[in-house]
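Asker: The listed protein sequences correspond, in order, to chains V and G.
Position 146 of the first sequence, counting from 1, maps to 146 under full-length UniProt numbering, and the rest follow consecutively.
Position 72 of the second sequence, counting from 1, maps to 72 under full-length UniProt numbering, and the rest follow consecutively.
Note that beta-carbon positions come from the ideal geometry of N, C-alpha and C, so glycine has one too.
These numbers come from a predicted model, not from an experiment.
Shown below is the structure under consideration.
Number of protein chains: 2
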Amino acid sequence: MPNPPRRPLTLRDVSEASGVSEMTVSRVLRNRGDVSEKTRARVLEAAKTLGYVPNKIAGALASQRVNLVAVIIPSMSNMVFPEVMMGISEILDDTELQPVVGLSHYRPEREEAVLYEMLSWRPAGVILAGLEHTDPARAMLANAGIPIVEIMDTDGEPVDAMVGISHRRAGREMGEAIVRAGYRRVGFLGTKMPLDFRARKRFEGFTQALARAGLEIADQEFYAGGSALMKGREMTEAMLARTPDVDFLYYSNDMIGAGGLLYCLERGMDIPGTIGLAGFNGVNLLQGLPKHLATMDACRSEIGRKAAEIIAARTLRGAEGGGEVVTLVPEITYGDTLRRPAEA
Amino acid sequence: MPNPPRRPLTLRDVSEASGVSEMTVSRVLRNRGDVSEKTRARVLEAAKTLGYVPNKIAGALASQRVNLVAVIIPSMSNMVFPEVMMGISEILDDTELQPVVGLSHYRPEREEAVLYEMLSWRPAGVILAGLEHTDPARAMLANAGIPIVEIMDTDGEPVDAMVGISHRRAGREMGEAIVRAGYRRVGFLGTKMPLDFRARKRFEGFTQALARAGLEIADQEFYAGGSALMKGREMTEAMLARTPDVDFLYYSNDMIGAGGLLYCLERGMDIPGTIGLAGFNGVNLLQGLPKHLATMDACRSEIGRKAAEIIAARTLRGAEGGGEVVTLVPEITYGDTLRRPAEA
DNA sequence: GTGAAAGCGCTAACAA
DNA sequence: TTGTTAGCGCTTTCAC
Numbered sequence: 001m002p003n004p005p006r007r008p009l010t011l012r013d014v015s016e017a018s019g020v021s022e023m024t025v026s027r028v029l030r031n032r033g034d035v036s037e038k039t040r041a042r043v044l045e046a047a048k049t050l051g052y053v054p055n056k057i058a059g060a061l062a063s064q065r066v067n068l069v070a071v072i073i074p075s076m077s078n079m080v081f082p083e084v085m086m087g088i089s090e091i092l093d094d095t096e097l098q099p100v101v102g103l104s105h106y107r108p109e110r111e112e113a114v115l116y117e118m119l120s121w122r123p124a125g126v127i128l129a130g131l132e133h134t135d136p137a138r139a140m141l142a143n144a145g146i147p148i149v150e151i152m153d154t155d156g157e158p159v160d161a162m163v164g165i166s167h168r169r170a171g172r173e174m175g176e177a178i179v180r181a182g183y184r185r186v187g188f189l190g191t192k193m194p195l196d197f198r199a200r201k202r203f204e205g206f207t208q209a210l211a212r213a214g215l216e217i218a219d220q221e222f223y224a225g226g227s228a229l230m231k232g233r234e235m236t237e238a239m240l241a242r243t244p245d246v247d248f249l250y251y252s253n254d255m256i257g258a259g260g261l262l263y264c265l266e267r268g269m270d271i272p273g274t275i276g277l278a279g280f281n282g283v284n285l286l287q288g289l290p291k292h293l294a295t296m297d298a299c300r301s302e303i304g305r306k307a308a309e310i311i312a313a314r315t316l317r318g319a320e321g322g323g324e325v326v327t328l329v330p331e332i333t334y335g336d337t338l339r340r341p342a343e344a
Numbered sequence: 001m002p003n004p005p006r007r008p009l010t011l012r013d014v015s016e017a018s019g020v021s022e023m024t025v026s027r028v029l030r031n032r033g034d035v036s037e038k039t040r041a042r043v044l045e046a047a048k049t050l051g052y053v054p055n056k057i058a059g060a061l062a063s064q065r066v067n068l069v070a071v072i073i074p075s076m077s078n079m080v081f082p083e084v085m086m087g088i089s090e091i092l093d094d095t096e097l098q099p100v101v102g103l104s105h106y107r108p109e110r111e112e113a114v115l116y117e118m119l120s121w122r123p124a125g126v127i128l129a130g131l132e133h134t135d136p137a138r139a140m141l142a143n144a145g146i147p148i149v150e151i152m153d154t155d156g157e158p159v160d161a162m163v164g165i166s167h168r169r170a171g172r173e174m175g176e177a178i179v180r181a182g183y184r185r186v187g188f189l190g191t192k193m194p195l196d197f198r199a200r201k202r203f204e205g206f207t208q209a210l211a212r213a214g215l216e217i218a219d220q221e222f223y224a225g226g227s228a229l230m231k232g233r234e235m236t237e238a239m240l241a242r243t244p245d246v247d248f249l250y251y252s253n254d255m256i257g258a259g260g261l262l263y264c265l266e267r268g269m270d271i272p273g274t275i276g277l278a279g280f281n282g283v284n285l286l287q288g289l290p291k292h293l294a295t296m297d298a299c300r301s302e303i304g305r306k307a308a309e310i311i312a313a314r315t316l317r318g319a320e321g322g323g324e325v326v327t328l329v330p331e332i333t334y335g336d337t338l339r340r341p342a343e344a
């Protein structure tokens, strides 16, 4: 029973144990160059019995290559970003690239700090949420000399590549669908997050669509923290009490929308007749509710996959590329809570 | 406007630009040792205008210190693990340590591969889910010479430290509560996941509690994939059709439990009279349902926090430590779907 | 097919 | 307070 080594093993240890030069050991361990089957076997044997784990720090320094992809997202508690992560993993799992996640908590300065930290590990590429960054962050990205993919949002100028949807358009289309369905007294319910630029863009597009039809938001309500389902319920109750004549409720995410939906159903309201409801995201978690909430898919895992593909293509297949723009176009799901436009 | 540098900047560039030796530049950038305010300012100025980002790879190799903490979890699509991650981040955010996440997809060999990959970056510590690992993985962990914290589960022997709850006990207690409340025909509904050891332990504890009361599971149903809420609904429907006399449904997670709850409510069933329901996890996402589902908190973020604290304490404050065991004890939440035991 | 030498960009240790 | 020297553990390059 060998003692647990205080000092981690090095190539040299394997070299000595196998009687093969460090260089050749290195070759075997990386499957590089021609090595005779005999030496190969001997090296592998030695490495295994010793329990050698290569030191990638040294390897990366020497080879100037790192297989890490930095991913910076606002949060994990949102359900949206874990799904993006799954999309990224799905693609990178087939390559030798590895995602490394950092959280910005929706704060640009925090994002800048995390970015700095991550760039100091010289990753092969960066994937980060949104197009809004501090000036130093943009400068770092522009000078990093590696592929950068900004995700989620395409309403703005990317540093390099971008993959996402137009939130302004998403808001606008939902607004148009609501107007087209004949609703006139529309309430908005959302998060109190000044730094959630995408929610804000959806709101802008939404009010713009209403304005074009000569309408204004009839009432609005915001929340922060707490259980989204519960908050949706409470906000809905508050709004219906304050503005009893609203005939449509647009929620900034599906979870609060589901809370509102449950509330309205309990009250026995006629949906989508007397009142219509819609959310945003296409959280399939919520299938199984008594009624299907109208929503619009944010294409989360697709965004993750496309972003990872761009990084992988440029890194591995040395593709030149640069400045790729992928705009996904989400469709409205009418579900059971938004009247469909009259058929032509 | 300087050209984007093809070659990343090095300390040497900052040294030349500021007319200060590399060593002193390094000191300034790390706030180490005494440096005169004047040189300090000059160096900072040069670093900033050049846009220098330190190379931690070289730094780590030279100093033999890495501020990364490897975190290996089964999945992100589960809601449970993102919450654990938030707990970890919460603690590490106050230190210079940084979490790096890897996913095992509930597969031990995959976990082993990810662990190998991560250990090759010589992290300061490892946090990983569960106590079940391949033999090589256990060997790597035991020999890594860094703090290892196994989380979620405490039913077994840890390699080093462990933080979690006893899932066997959790299942047992729920079983006892159900028996105590007078239910006799109990159905179980869960995930079809042979490798989810924790779900299995809960199931074992649960059946054991029933057995002690002379009961057996009346019926069971398993699912894989799909929307959990919907699956809960479907499985419940199937079970009630097949075994109409069940008087309690125990779900392996809150999400499917919520689906079942909604189904039973729609059918106008008397809850918790005719039929009782319980889930597992304490997903506060679900507050806001018409009735509050009975459940048991899995202490997710608390687990993350405690695990991170162990790593931080041993790494930063050089605490000796080793073999810490933190067993959290979740309490049953009766909610509105499980009869409370008669008061004494 | 194998090995020896040089150096990746930084920091520990010591010298001035 | 500042600078010099010698590696950290690996890979690149080139010689054999």
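1) Assign residue 90(G) to one of two classes, buried (16 or more other C-beta atoms within 10 Å of its C-beta) or exposed (fewer than that).
2) Residue ranges of each beta strand (DSSP E) run of no fewer than 3 residues wholly in the region 97-183 of chain V, ordered along the chain?
3) Output, in chain order, the set of chain V residues within a Cβ distance shorter than 8 Å of residue 57(G).
4) At 3 residues or longer, and completely inside the region 179-226 of chain G: list those beta strand (DSSP E) runs for me, N to C.
5) Taking Cβ-Cβ distances shorter than 9 Å, what residues in chain V pair up with residue 323(G)?
6) What residues of chain V sit near residue 138(G), judged by a beta carbon separation below 9 Å?
7) For residue 280(G), which residues does DSSP report across the bridge?
8) Is residue 253(V) near residue 281(V), with beta carbons less than 8 Å apart?
9) Do the region 38-50 of chain G and the region 10-20 of chain G touch if we need at least three Cβ pairs shorter than 8 Å?
10) List the residues of chain G whose Cβ lies closer than 7 Å to the Cβ of residue 112(V), in chain order.
11) Who are the near neighbours of residue 138(G) in its chain, counting only those whose CB is closer than 7 Å to its CB and skipping five residues on each side?
12) Please classify residue 69(G) as buried or exposed, where buried requires at least 16 neighbouring CB atoms within 10 angstroms.
13) Can you grab the Cα-Cα spacing for the pair residue 72(V) / residue 245(V), in whole Å?
14) Report the three-state DSSP secondary structure of residue 297(G) (helix, strand or coil).
15) In chain order, what residues of the region 92-105 of chain G put their CB closer than 8 Å to some CB of chain V?
16) Start and end of the alpha helix (DSSP H) containing residue 88(G)?
17) By how many angstroms is the C-alpha of residue 67(G) removed from the C-alpha of residue 110(V)?
18) What residues from chain G crowd round residue 287(V), counting only those whose CB sits closer than 8 Å?
19) Can you tell me which of the three DSSP states residue 246(G) falls into?
20) What is the DSSP secondary structure of residue 263(G), reduced to helix, strand or coil?
21) For my contact list, residue 286(G) and residue 293(G) are in at a C-beta cut-off of 8 Å; report their separation, rounded to the angstrom.
22) Does any residue of chain V have a CB that is nearer than 8 Å to the CB of residue 1(G)?
23) Does the CB of residue 304(V) have a neighbour CB from chain G at under 8 Å?
24) For the region 163-191 of chain G, which residues have a beta carbon sitting closer than 7 Å to at least one beta carbon of chain V?
25) What does DSSP give as the partner residues of residue 70(G) in its beta bridges?
26) Out of 269(V), 192(V), 172(V), point me to the one whose CA is closest to residue 296(V)'s CA.
27) When you compare the region 131-149 of chain V with the region 79-88 of chain V, are there three or more beta-carbon pairs, one atom per stretch, that lie closer than 8 Å?
28) Helix, strand or coil for residue 333(G), going by three-state DSSP, please let me know.
29) Which word fits residue 3(V), buried or exposed, when buried means at least 16 other C-beta atoms lie within 10 angstroms of its C-beta?
30) Quick check: is the beta carbon of residue 85(G) nearer than 8 Å to any beta carbon in chain V?
31) Mind checking which residues open and close the alpha helix (DSSP H) that includes residue 24(V)?
32) Measure from the alpha carbon of residue 339(V) to the alpha carbon of each residue in 176(V), 22(V), 243(V), 288(V), then state which is nearest.
33) Around the C-beta of residue 230(V), are 16 or more other C-beta atoms found within 10 angstroms, so that it is buried, or is it exposed?
34) Using a Cβ-Cβ cut-off of less than 7 Å, give me the residues of the UniProt domain "HTH lacI-type" (9-63) of chain V that come near chain G, in sequence order.
35) So with CB distances below 8 Å, who are the chain G contacts of residue 372(V)?
Answerer: The structure says:
1) To locate residue 90(G), count along the second sequence from 1; it is residue 90. Residue 90(G) is exposed by the Cβ-count criterion.
2) 98-103, 125-129, 148-153, 161-165
3) Translated into positions along the second sequence, residue 57(G) becomes position 57. Under the 8 Å cutoff, chain V gives 57, 60, 61, 66, 121, 122.
4) 186-191, 219-223
5) For the purposes of this step, residue 323(G) is taken as residue 323 along the second sequence, with counting starting at 1. Those within 9 Å of residue 323(G) in chain V number zero; the least Cβ separation is about 14 Å.
6) Here residue 138(G) is taken as the residue at index 138 of the second sequence, counted from 1. Simply none; closest approach about 11 Å.
7) The count along the second sequence starts at 1 and reaches residue 280(G) at position 280. Answer by DSSP bridge pairing: none, since residue 280(G) is not bridged.
8) Indexing the first sequence from 1 puts residue 253(V) at position 253. Indexing the first sequence from 1 puts residue 281(V) at position 281. The answer is yes: Cβ separation under 8 Å.
9) yes
10) Residue numbering aside, residue 112(V) sits at position 112 when the first sequence is read from its first letter. Here the premise fails: no neighbours, minimum Cβ distance about 12 Å.
11) Stepping through the second sequence from its first residue, residue 138(G) is reached at position 138. Within the same chain, residue 138(G) has close Cβ partners 159.
12) On the second sequence, residue 69(G) is found 69 positions in, with the first residue counted as 1. Per the 10 Å Cβ criterion, buried.
13) Taking the first sequence and counting its residues from 1, the one referred to as residue 72(V) is at position 72. Taking the first sequence and counting its residues from 1, the one referred to as residue 245(V) is at position 245. Taking the straight line joining both Cα atoms gives about 43 Å.
14) On the second sequence, position 297 is the one that residue 297(G) refers to. In this structure, residue 297(G) counts as strand in the three-state DSSP scheme.
15) 98, 99, 100, 101, 102, 103
16) Along the second sequence, read from residue 1 onward, the residue named residue 88(G) stands at position 88. 80-92 is the span of the alpha helix (DSSP H), which, as asked, contains residue 88(G).
17) Counting from 1 along the first sequence, the entry for residue 110(V) is found at position 110. Counting from 1 along the second sequence, the entry for residue 67(G) is found at position 67. Going by the C-alpha atoms only, they are around 18 Å apart.
18) Within the first sequence, numbered from 1, the residue matching residue 287(V) stands at position 287. Per Cβ cutoff of 8 Å: 227, 229, 230.
19) Reading the second sequence from its first residue, position 246 is the one you call residue 246(G). Residue 246(G): coil per DSSP, three-state reduction.
20) By 1-based counting over the second sequence, the position of residue 263(G) is 263. Three-state result, residue 263(G): helix.
21) Taking the first residue of the second sequence as 1, we reach residue 286(G) at position 286. Taking the first residue of the second sequence as 1, we reach residue 293(G) at position 293. Yes, residue 286(G) and residue 293(G) are in contact; Cβ-Cβ is about 6 Å, under 8 Å.
22) On the second sequence, residue 1(G) is found 1 positions in, with the first residue counted as 1. With a pLDDT of only 43 at residue 1(G), under the threshold of 50, the placement of this residue in the model should not be trusted; the figure read from the coordinates follows. Cβ-Cβ to chain V under 8 Å: no for residue 1(G).
23) As a working note, residue 304(V) is residue 304 in the first sequence. Not closer than 8 Å to any Cβ of chain G, the Cβ of residue 304(V) fails to qualify, so no.
24) none
25) Your numbering for residue 70(G) matches position 70 in the second sequence. In DSSP, residue 70(G) forms a bridge with 100(G), 126(G).
26) On the first sequence, position 296 is the one that residue 296(V) refers to. If we check each option's Cα against that of residue 296(V), 172(V) comes out closest.
27) no
28) Here residue 333(G) refers to the residue found at position 333 of the second sequence. In the structure shown, residue 333(G) sits in a strand (DSSP, three-state: E or B).
29) Numbered from 1 along the first sequence, position 3 holds the residue referred to as residue 3(V). Low per-residue confidence applies at residue 3(V): pLDDT is 46, beneath 50, and the placement is therefore not dependable, though the value from the model is reported in the following sentence. Result: exposed.
30) Numbered from 1 along the second sequence, position 85 holds the residue referred to as residue 85(G). Yes - at least one Cβ of chain V is within 8 Å of the one on residue 85(G).
31) Counted from its first residue, the first sequence places residue 24(V) at position 24. Counting along the chain, the alpha helix (DSSP H) containing residue 24(V) begins and ends at 22-30.
32) Here the question's residue 339(V) lines up with position 339 in the first sequence. Out of 176(V), 22(V), 243(V), 288(V), 176(V) has the C-alpha closest to the C-alpha of residue 339(V).
33) As a working note, residue 230(V) is residue 230 in the first sequence. With 16 or more other Cβ atoms within 10 Å, it is buried.
34) 51, 53, 54, 55, 56, 57, 58, 60, 61
35) In the structure as shown, chain V begins at 1 and stops at 344. Residue 372(V) is therefore absent and cannot be evaluated.
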